[in-house]
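Visitor: With positions in the sequence shown counted from 1, the corresponding number in the working numbering is that position plus 95.
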Amino acid sequence: MRGVTVSFPSPGGAVMALSGLDLTVEPGQVFGFLGPNGAGKTTAMHVLLGFIDATAGEARLFGHDVRESIARQRIGYLPEHPDTYRFLTGRELLDLTARLFKLRGAARRRRVEESLATVGLYEAASRRIATYSRGMMQRICLAQALINDPDLVILDEPTGGLDPMGRMDIRRIIGELRDRGKTVFFSSHELSEVELVCDTIAILCHGRIVAQGPAASLVAPGEHLEQVFMKVIAEAEVAT
Ligand SMILES: Nc1ncnc2c1ncn2[C@@H]1O[C@H](COP(=O)(O)OP(=O)(O)OP(=O)(O)O)[C@@H](O)[C@H]1O
Ligand SMILES: [Mg+2]
96 MRGVTVSFPS PGGAVMALSG LDLTVEPGQV FGFLGPNGAG KTTAMHVLLG FIDATAGEAR
156 LFGHDVRESI ARQRIGYLPE HPDTYRFLTG RELLDLTARL FKLRGAARRR RVEESLATVG
216 LYEAASRRIA TYSRGMMQRI CLAQALINDP DLVILDEPTG GLDPMGRMDI RRIIGELRDR
276 GKTVFFSSHE LSEVELVCDT IAILCHGRIV AQGPAASLVA PGEHLEQVFM KVIAEAEVAT
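(1) Should T138 be listed as close to ligand 1, given that the test is whether its C-beta is under 7 Å from any heavy atom?
(2) For V110, is the beta carbon positioned less than 7 Å from some heavy atom of ligand 1?
(3) Please say whether H284 and E378 have beta carbons closer to each other than 8 Å?
(4) Could you tell me if P259 is buried or exposed, where buried requires 16 or more neighbouring beta carbons within 10 angstroms of its beta carbon?
(5) Indicate, with yes or no, if ligand 2 has a heavy atom lying under 7 Å from the CB of S228.
(6) For ligand 1, is there any heavy atom lying closer than 7 Å to the beta carbon of G152?
(7) For the stretch 172–192 against the stretch 235–249, do three or more pairs of beta-carbon atoms, one drawn from each stretch, fall closer than 8 Å, so that the two count as touching?
(8) So V314 is in the alpha helix (DSSP H); what residue range does that whole segment cover?
(9) Distance, Cα to Cα, S197 vs R223?
(10) In chain order, what residues of the same chain lie with their CB nearer than 7 Å to the CB of I265, ignoring the 5 residues before and after it?
(11) If N243 and G127 are in contact, beta carbons under 8 Å, what's the gap, nearest whole angstrom?
(12) With a threshold of 7 Å (Cβ to nearest heavy atom), would F103 be considered close to ligand 1?
(13) Mapping DSSP to helix, strand and coil, what is Q168?
(14) Determine the direct distance from the alpha carbon of Q168 to that of A59, and round the result to whole angstroms.
(15) Does DSSP put H159 in a helix, a strand or coil?
(16) Give the list of continuous alpha helix (DSSP H) stretches no shorter than 4 residues that lie fully inside the stretch 104–148.
(17) For ligand 1, I want to know if N243 counts as a neighbour, meaning its beta carbon is within less than 7 Å of at least one of the ligand's heavy atoms.
(18) Per the contact definition of three or more C-beta pairs closer than 8 Å, is the stretch 155–169 in contact with the stretch 318–335?
(19) Is L299 helix, strand or coil when you go by DSSP?
(20) Applying the criterion that 16 or more other CB atoms from any shown protein chain within 10 Å of the CB defines a buried residue, is G200 buried or exposed?
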């Protein structure tokens, strides 16, 4: 993304959600996208996914402008508030999604079962999604995001609503994706989790990047990401 600006019209004057955002996620990286509530993380993801157009600037995915639908073919996405067809069972939802990606026969069935196992929903797979808890909804939507074996996975707060085991599962899944050469771009408020899984971190505040770099260089030995976060946000608030 280069110089991406998004301003939403609003009665009290336009809301600048992103102000000239420059961001590059290298292939094969696990990239943590941090920032306080309202910083613009979800908005940036929505631009990447082609849900909203940038007011100014340029966003590209795999070399294609994000407004071209081909740019989205190799992407998996978990939204901030996942929800889906609640009248289907978990297995039916994944089967339907796999069909949309033109997976057929035994390959499709295998992929569905693998995905259920990956997110730990094997037992609940035959139940309607309407009976799932919030964390189970999160898990089935994550499985849905991964069904096409995407090269880039965009996760908006993947650990929200998950129990400690669920959070560990997410860490494991992100690690497995990285080991298979996939790129993971995710937002999170769980700084201790981010510290454990990310190669690169960007911190956003009021629509601007206020810190960015390899996780190891942002956080000094003996320091925690939380301290770095508090410091750069406090400095950014003073500057604005
Ligand atoms: N459709 C919209 N209309 C008007 N303002 C919007 C709209 N969507 C987002 N905003 C504003 O843009 C800013 C960025 O919101 P965004 O949802 O991107 O933040 P976020 O970093 O994802 O926050 P959170 O951590 O709470 O999820 C906020 O000020 C928000 O109120
Ligand atoms: Mg958000």
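Glycine included, each C-beta is placed from N, C-alpha and C at the ideal position.
Guide: Working from what's here:
(1) To locate residue 138, count along the sequence shown from 1; it is residue 43. Annotation for T138 indicates a beta carbon within 7 Å of some heavy atom of ligand 1.
(2) For the purposes of this step, residue 110 is identified with residue 15 of the sequence shown, where counting begins at 1. Checking every heavy atom of ligand 1 against the Cβ of V110, one is found closer than 7 Å.
(3) Look at the range of the chain in this structure, 96 to 335, and you will see that residue 378 is not part of it.
(4) If you number the sequence shown from 1, residue 259 lands on position 164. Around the C-beta of P259, fewer than 16 other C-beta atoms lie within 10 Å, and the residue is accordingly described as exposed.
(5) In the sequence shown, counting from the first residue as 1, residue 228 sits at position 133. For ligand 2, not one heavy atom lies less than 7 Å from the Cβ of S228.
(6) Translated into positions along the sequence shown, residue 152 becomes position 57. Not so, every heavy atom of ligand 1 lies at least 7 Å from the Cβ.
(7) At 8 Å Cβ cutoff, the stretches touch.
(8) Indexing the sequence shown from 1 puts residue 314 at position 219. That residue, V314, is in no alpha helix (DSSP H); it is neither H nor E in DSSP.
(9) Here residue 197 refers to the residue found at position 102 of the sequence shown. Here residue 223 refers to the residue found at position 128 of the sequence shown. The sequence as given places Lys at residue 197; Ser does not occur at that position. Straight-line Cα distance between these residues: approximately 24 Å.
(10) As a working mapping, residue 265 is identified with position 170 in the sequence shown. Contacts found: P253, T254, L257.
(11) Sequence index remark: in the sequence shown, residue 243 carries index 148 (1-based). Sequence index remark: in the sequence shown, residue 127 carries index 32 (1-based). Wrong, their Cβ atoms sit about 23 Å apart, outside the cutoff.
(12) Here residue 103 is taken as the residue at index 8 of the sequence shown, counted from 1. True, at least one ligand heavy atom lies under 7 Å from that Cβ.
(13) The residue given as residue 168 occupies position 73 in the sequence shown. In this structure, Q168 counts as coil in the three-state DSSP scheme.
(14) Shown here, the chain extends from 96 to 335; a query on residue 59 therefore has no answer.
(15) Taking the first residue of the sequence shown as 1, we reach residue 159 at position 64. Assignment of H159 by DSSP, reduced to helix, strand and coil, places it in the strand class.
(16) Those alpha helix (DSSP H) runs which fall completely within the stretch 104–148 and span 4+ residues are 136–143.
(17) Translated into the one-based positions of the sequence shown, residue 243 becomes position 148. No - ligand 1 has no heavy atom lying nearer than 7 Å to the Cβ of N243.
(18) No, the stretch 318–335 does not touch the stretch 155–169.
(19) For the purposes of this step, residue 299 is taken as residue 204 along the sequence shown, with counting starting at 1. In the structure shown, L299 sits in a strand (DSSP, three-state: E or B).
(20) Numbered from 1 along the sequence shown, position 105 holds the residue referred to as residue 200. Classification of G200: exposed, given that the 10 Å Cβ count is below 16.
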